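Next comes the structure, spelled out in structure tokens:
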């Protein structure tokens, strides 16, 4: 039994050279511990200094730490050229309200159809109520589920590389 533990721990500690960490882009607010992270392979939506009226959405292919460069499928961008970043996963409350309104609208239509099957009449009120519920849910989700970060004095971007280097073995 003792040898099995020895073999297990030897295997775990000897194979640490195969473990790779991650590179990621981090948005920091000065004086706060909360950060927003974008990993390689994540989609990022941003405005550059050159095109302040155009939002671009790109997939991060690589991050070059020494030169502060983000590599995308269609080119590269220096980190200092990013003006704003928009995220779409911040407000879970807005998503919950939107899904509740979707469910309400679908339920209203379903129960109205069941009522129509058993002799009731379908009116424009059914379409108005369910359509208003769907539209309100969609609008709440679009307005409140995005967050825009302006990069400047209070917020900054940083590339972090947590890759472990394999130590050189000299006998």
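In the numbering used here, the protein residues as written are 399 to 569. Just so you know, even glycine gets a beta-carbon here, dropped at the ideal spot from N, CA and C. Keep in mind the model is a prediction, meaning the values are calculated, not measured.
When the options are compared against residue i, the one with the closest alpha-carbon
i	options	result
residue 537	450, 495, 444 and 434	495
residue 441	504, 481, 422 and 431	422
residue 532	429, 500 and 477	500
residue 529	507, 511, 518 and 541	507
residue 561	438, 443, 427 and 433	438
residue 492	425, 539, 509 and 452	539
residue 461	401, 435 and 445	435
residue 552	565, 568, 431 and 563	431
residue 449	467, 475, 424 and 433	475
residue 554	565, 433 and 402	433
residue 503	559, 535, 427 and 542	535
residue 541	455, 490 and 466	490
residue 570	565, 558, 455 and 505	This structure gives no information on residue 570, because the portion of the chain shown stretches from 399 to 569.
residue 588	514, 565, 550 and 568	Examination of residue 588 is not possible in this model, given that the chain is present from 399 through 569 alone.
residue 466	568, 567, 563 and 556	556
Buried or exposed by the 16-neighbour rule on C-beta atoms within 10 Å, applied to residue i
i	result
residue 516	exposed
residue 480	buried
residue 405	exposed
residue 418	Any reading at residue 418 is ruled out, since the residue's pLDDT is 47, under 50, leaving its predicted position unreliable.
residue 523	exposed
residue 452	exposed
residue 416	Below a pLDDT of 50, predicted positions are generally treated as unreliable, and residue 416, at 47, falls in that range; no measurement from the model is reported.
residue 445	buried
residue 510	buried
Residue(s) in a DSSP beta bridge with residue i
i	result
residue 474	469
residue 443	455 and 484
residue 426	433 and 554
residue 547	483
residue 461	468
residue 421	559
Presumed contact (8 Å Cβ cut-off) between residue i and residue j, rounded CB distance
i	j	result
residue 470	residue 478	So it is not a contact: roughly 16 Å between Cβ atoms.
residue 559	residue 468	That pair is no contact at about 13 Å.
Cβ contact check for the segment 543 to 563 and the segment 474 to 494: 3 or more pairs under 8 Å: yes
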